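Undergrad: Count the sequence shown with mature numbering (1 follows the signal peptide of the UniProt record, and there is no 0) and you get residues -28 to -1, 1 to 570, in order.
All C-beta atoms, glycine included, are put in the ideal place defined by N, C-alpha and C.
Please read all numbers here as calculations on a predicted model, not as lab measurements.
Below is the structure I would like to discuss, written out as C-alpha cells.
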Amino acid sequence: MSTRQSLAVLAILIAGVSFLWSPQKCRTYPGDPSWPEPHVWDELNKTVDGLLIRSRPVAIACHHPHFDEEQCNEVRKQWHSPQYLEKSSSAIQTPLFANKSCDPFTEPDAPCAIGNYVAYSVKVASPTHVISTVKFAKEHNLRFVVRNTGHDYMGKSTGSQALAVWMGHLRLTEWFDDYEGSNYRGPAVKMQAGVPVEQTYEEANTRGLVVVSGVCPTVGFSGGYIQGGGHGPFGSLYGLAADQTLSMEVITTTGEFVRASPTENSDLFWAMSGGGGGTYGILWTVTVKAFPDIPIAGGRIGFSKSDKISDDTWWEAIDFYQAMTPSFTDIGATSFAFYSNEKFDLPAVFLPNGTSRSIITLLQPFVDKLSSLRIPHKVDYKTYPDFLPAYKELWPSELFGVGLFYFGNRLLPRELWDNRDGVEGKKFKQLTKAVREMVEDGAGAFDIAIRPTLKVAGNPDNAVHPAWREAERAFGIQLLWNDLDDWPAIQGKLNKITAYVGLLRELTPGGGAYLNEADPYEPNWQQAFYGSHYNKLLAIKDKWDPDQMLYGATAVGGDRWSEKDDGRLCPAQSGVQWFLSEAFERGRGALASFLPSL
C-alpha cells in the first residue's frame, strides 16, 4: 500500500472513531453548549408561521409555585380522558412513559419537570412545517418525535426534551366513488394524519360505506394504528386496516414529500403498511379502501362470580368460550371479551350481514353452557341496518379511558384450536391453564377473536407480522394501573406482565404479538413485533431515514439507541456496528476527491 493510500485509510479511521465517540452522537440535551438559544427557537417559530409550542405540562397546576387546588382536582379527574389529554401538545396518554414527570398525584412540593415530555412541539399545518422541523432537529442534533393523538402504549409519541411534530389535529378527508389504483378499483377515502377512528365511521356512514378501522373512537386512524397493522370489528371479514392501504403521502427525514404506493416508492409503502409507526417517514395522508355498508347483528353476554359459583365452574364457562371462537371467525365475526376472576364481559360480537336468527344461533351454545352450569347471565341480541349504530351501541365512547392498564399481548395461532381434539390437544389445555393462572394471579384478559388471513384480506403484500395471518385470537393480558403507585410497585407490575407473556410465548414459539398493544419490555421484540420481516424493514429504514431521526425503543432500529437515566438518547452498544459503518462511509465521502479509487 502506498504512503498516499495509507494516509487516506488512516484519515478514514480517525474520522470514524471521531464520529462514533463524539458526544454529539448523543442527542443534544438542555445544558449542553449546543442546545439552541432562545433566539434560535424564535427563528424556528418564524419559519413555521408561529406554530411552535413550548411544552407546559398538563399537571403544572398540581405543583408549586403554580399550585391551584381547583385546577389540580380537574386535572386528576380528567387524567385518563383521551378527549382532555389530546388537547395538549405534550401530554402522554400512557402515564408509564411520563416517568412520574409533573405528575398530578405526587405531592405539590415535588418538582414539575419536563422529564419525559417533549420540550417543544410544532402544530404543523403543512408539509413544509414538517420539513422545516425535521431540518431544525437534524441541524441541532435534537431528539425528534412524531405525535398524533397521543394514544400510544409503546412510548413512541414522546421523548425527553425532544422536538415534536404534532399531527393529531390534521383531520381533512377526501372521498372517492371510483378510485383506481394499480390493484384496486372502487370506493376509497384519503385521510390526513390525525383523523380519529370515530370520524372514519361517521363520514363513511353518510355515504353508505364502511372502512376497516378500530374500536377506540379517539385513536388517530392514520398514525401508529394503521401503520402498525390495526385490528377492528371487520378483522375477520376484510383483514386489518393496513391491508386496505392504497397509497400514502409521506414526508421523509431528508426533507422530501413523496408518494408511496405499490408502484411508486413501493418499499416505503410496504414498510409503512404494518411495519410500525414513527419509523420510516412521517405520514401526511393515507388512502384506503372503503366498502359498501352492511347490516350487522350484535350480541353481548355478561356474568359475574359469586359464592355459589366454584372456581372450577367459573373456568369451565370461560374455557368453553375460548374453545368456541372459531365458530365466530369462520363466518366473518369478530368478538371482544374482557374477563377477570370476578367478571366476564363479552360486550361486542360483530356479525357482518347477520340476522336475528344467525346471531342467536351463534351464541346459543354458550348460553346453554352457562345455563347448564347454573351461572346467572345477561344476554342481549340486536340487529342493525348498518354498521355505525352497531358500533355506537356496542362500544359507547364513554367506555374508553386511557392509561388504565399495563399491557401484554400474544397472537394465538388457529392451529391450537384445530388440534385441540387431536394428538397435540395438550397445547390447548396448556393455553387454558396458563390463562387461568394469570387471571387468578390478578390479571385481566382482553381477548379478541379475530382471523385476518391473507385470503380475507385480499392477499396484500405488506409488512404486517406473518403471525397475524395464522391467528385466531389477539390475546391481551392486563394489570390495573394505579396512579398512586411508586416506582418499585410499577416495576413489579411490569415484571409480571413480561412473565405472563412469557407463558404464552412458550406455547407459541416463532409466533408474534400485536406491536401496538404489547409489552414494551418484550425480551425479543424484533421477532415478536416484526417476525421474518425485521431485516427487510431495517434496510428500508436505513434507506429512508439515513440519519436515524425516527426512534422508538421497540421500533425497527430502536436497539441502536438507549435512553440514559436522565432521559438523554445515546447510541447503544448494539448500535456500534451501524455507527462505525456510517462513520466509515462519511470518511470515504470526505476523501472521495483525494483518493477516488479507494
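1) Can you name the start and end residues of the beta strand (DSSP E) that residue 381 belongs to?
2) Spatial neighbours of residue 298 within its chain, please: C-beta separation below 6 Å, excluding the five flanking residues on both sides.
3) Per DSSP, what kind of secondary structure is residue 295 in: helix, strand or coil?
4) Give the DSSP bridge partners of residue 273, in chain order.
5) So what does DSSP say about residue 188, is it helix, strand or coil?
6) State buried or exposed for residue 368, treating a residue as buried only when at least 16 other CB atoms are found within 10 Å of its CB.
7) Suppose the cutoff is 6 Å on Cβ atoms and the five residues either side in sequence are ignored; what does the same chain contact list for residue 115 look like?
8) With a Cβ-Cβ cutoff of 8 Å, do residue 137 and residue 118 count as a contact?
9) Cβ of residue 160 within 8 Å of Cβ of residue 259?
10) In its own chain, which residues sit with a C-beta less than 7 Å from the C-beta of residue 534, not counting the 5 before and 5 after it?
11) Taking the straight line between their C-alpha atoms, what separation do you get for residue 500 and residue 385?
12) Go to residue 412, then tell me how far its alpha helix (DSSP H) extends in each direction, as first and last residue.
13) For residue -8, which of helix, strand or coil comes out of DSSP?
14) Would residue 170 and residue 122 be called neighbours here (beta carbons separated by less than 8 Å)?
15) Could you tell me the boundaries of the alpha helix (DSSP H) in which residue 100 lies?
16) When you compare each of 92, 408 and 398 to residue 311 by their alpha carbons, which one comes out closest?
17) From this set, 191, 153, 296 and 318, which residue's C-alpha is nearest residue 235's C-alpha?
18) What does DSSP give as the partner residue(s) for residue 160 in the beta ladder?
19) So residue 211 and residue 430 are supposed to be a Cβ contact under 8 Å. How far apart are they, rounded?
20) Could you check what DSSP says for residue 325 in three-state terms: helix, strand or coil?
21) Does the beta-carbon of residue 12 have 16 or more other beta-carbons within 10 angstroms, so that it is buried, or is it exposed?
22) Which residues mark the beginning and the end of the beta strand (DSSP E) in which residue 419 is found?
23) Note the first and the last residue of the continuous beta strand (DSSP E) segment covering residue 116.
24) By Cβ distance, which residues of its chain are closer than 6 Å to residue -11, with the 5 residues on each side in sequence left out?
25) So for residue 492, helix, strand or coil by DSSP?
26) Taking all protein chains shown into account, do 16 or more other C-beta atoms lie within 10 angstroms of the C-beta of residue 441, making it buried, or fewer, making it exposed?
27) Could you check whether the stretch 27 to 45 touches the stretch 69 to 85, counting it as contact only if at least three pairs of C-beta atoms, one from each stretch, sit closer than 8 Å?
28) Counting beta carbon pairs with one atom in the stretch 373 to 380 and one in the stretch 441 to 453, are three or more of them shorter than 8 Å?
29) So, are the CB atoms of residue 102 and residue 223 less than 8 Å apart?
30) DSSP on residue 306, reduced to helix/strand/coil?
31) Could you tell me which of 3, 48 and 22 sits nearest to residue 454, measuring between CA atoms?
32) For my contact list, residue 341 and residue 289 are in at a C-beta cut-off of 8 Å; report their separation, rounded to the angstrom.
33) Name the DSSP bridge partner or partners of residue 445?
34) In angstroms, rounded to a whole number, what distance separates the CA positions of residue 28 and residue 486?
35) Drop a sphere of 10 angstroms on the beta-carbon of residue 439, count the other beta-carbons inside from all chains shown, and report buried for 16 or more, exposed for fewer.
36) State the Cα-Cα distance for the pair residue 7 and residue 20, rounded to the nearest angstrom.
TA: The relevant details are as follows:
1) As a position in the sequence shown, residue 381 is number 409, starting the count at 1. Run containing residue 381: 377 to 385, per the beta strand (DSSP E) assignment.
2) Residue 298 sits at position 326 when you count from the first residue of the sequence shown. Same-chain partners within the cutoff: 389.
3) Taking the sequence shown and counting its residues from 1, the one referred to as residue 295 is at position 323. DSSP places residue 295 in helix when its eight states are reduced to three.
4) Against the sequence shown, residue 273 aligns to sequence position 301. According to DSSP, residue 273 bridges with 318 and 351.
5) Along the sequence shown, one-based indexing puts residue 188 at 216. Residue 188: coil per DSSP, three-state reduction.
6) Position 396 of the sequence shown holds residue 368. Exposed is the call here.
7) For the purposes of this step, residue 115 is taken as residue 143 along the sequence shown, with counting starting at 1. -2, 131, 134 and 541.
8) Mapped onto the sequence shown, residue 137 falls at position 165. Mapped onto the sequence shown, residue 118 falls at position 146. Closer than 8 Å, so yes.
9) Numbered from 1 along the sequence shown, position 188 holds the residue referred to as residue 160. Numbered from 1 along the sequence shown, position 287 holds the residue referred to as residue 259. Yes; because the gap between Cβ atoms is below 8 Å, this pair is in contact.
10) The residue labelled residue 534 in the question sits at position 562 within the sequence shown. Only 542 and 544 meet the Cβ criterion.
11) Your numbering for residue 500 matches position 528 in the sequence shown. Your numbering for residue 385 matches position 413 in the sequence shown. Rounded to the nearest angstrom, the two C-alpha atoms are 13 Å apart.
12) On the sequence shown, position 440 is the one that residue 412 refers to. Residue 412 -> alpha helix (DSSP H) spans 398 to 412.
13) Here residue -8 corresponds to residue number 21 of the sequence shown, with the count starting at 1. For residue -8, the pLDDT reaches just 41, beneath the cut-off of 50, and the residue's location in the model is therefore unreliable, leaving the point undetermined.
14) Here residue 170 refers to the residue found at position 198 of the sequence shown. Here residue 122 refers to the residue found at position 150 of the sequence shown. In this structure, residue 122 does not lie closer than 8 Å to residue 170 by Cβ.
15) In the sequence shown, the residue the question calls residue 100 occupies position 128. Element bounds for residue 100: 99 to 111.
16) As a first step, residue 311 is located in the sequence shown; it is residue number 339 there, counting from the start. Residue 311 has its Cα closest to that of 408, out of 92, 408 and 398.
17) By one-based count along the sequence shown, residue 235 stands at place 263. Checking every option, the nearest Cα to that of residue 235 belongs to 153.
18) On the sequence shown, residue 160 is found 188 positions in, with the first residue counted as 1. The partner list for residue 160 (beta bridge, DSSP) reads 148 and 261.
19) Position 239 of the sequence shown holds residue 211. Position 458 of the sequence shown holds residue 430. Right, their Cβ atoms sit about 7 Å apart.
20) For the purposes of this step, residue 325 is identified with residue 353 of the sequence shown, where counting begins at 1. Coil at residue 325, not helix or strand.
21) To locate residue 12, count along the sequence shown from 1; it is residue 40. Exposed is the call here.
22) For the purposes of this step, residue 419 is taken as the residue at position 447 of the sequence shown. First-last of the beta strand (DSSP E) with residue 419: 416 to 421.
23) Within the sequence shown, the letter at position 144 stands for residue 116. It spans 116 to 119 - the beta strand (DSSP E) in which residue 116 sits, taken as one unbroken run.
24) On the sequence shown, position 18 is the one that residue -11 refers to. Below a pLDDT of 50, predicted positions are generally treated as unreliable, and residue -11, at 42, falls in that range; no measurement from the model is reported.
25) By 1-based counting over the sequence shown, the position of residue 492 is 520. If DSSP states are grouped into helix, strand and coil, residue 492 belongs with coil.
26) Indexing the sequence shown from 1 puts residue 441 at position 469. Result: buried.
27) yes
28) yes
29) The count along the sequence shown starts at 1 and reaches residue 102 at position 130. The count along the sequence shown starts at 1 and reaches residue 223 at position 251. Going by C-beta atoms, residue 102 is nearer than 8 Å to residue 223.
30) One-based indexing of the sequence shown puts residue 306 at position 334. Three-state DSSP puts residue 306 in a strand.
31) Walking along the sequence shown from the start, residue 454 turns up at place 482. It is 48.
32) As a position in the sequence shown, residue 341 is number 369, starting the count at 1. As a position in the sequence shown, residue 289 is number 317, starting the count at 1. Residue 341 to residue 289, Cβ: 6 Å. Contact.
33) As a position in the sequence shown, residue 445 is number 473, starting the count at 1. Note: residue 445 sits in a beta bridge opposite 384 and 421.
34) Within the sequence shown, residue 28 is the residue found at index 56, counting from 1. Within the sequence shown, residue 486 is the residue found at index 514, counting from 1. Looking at the two C-alpha atoms, the distance is approximately 33 Å.
35) For the purposes of this step, residue 439 is identified with residue 467 of the sequence shown, where counting begins at 1. So residue 439 ends up on the buried side.
36) On the sequence shown, residue 7 is found 35 positions in, with the first residue counted as 1. On the sequence shown, residue 20 is found 48 positions in, with the first residue counted as 1. C-alpha separation (whole angstroms): 19 Å.
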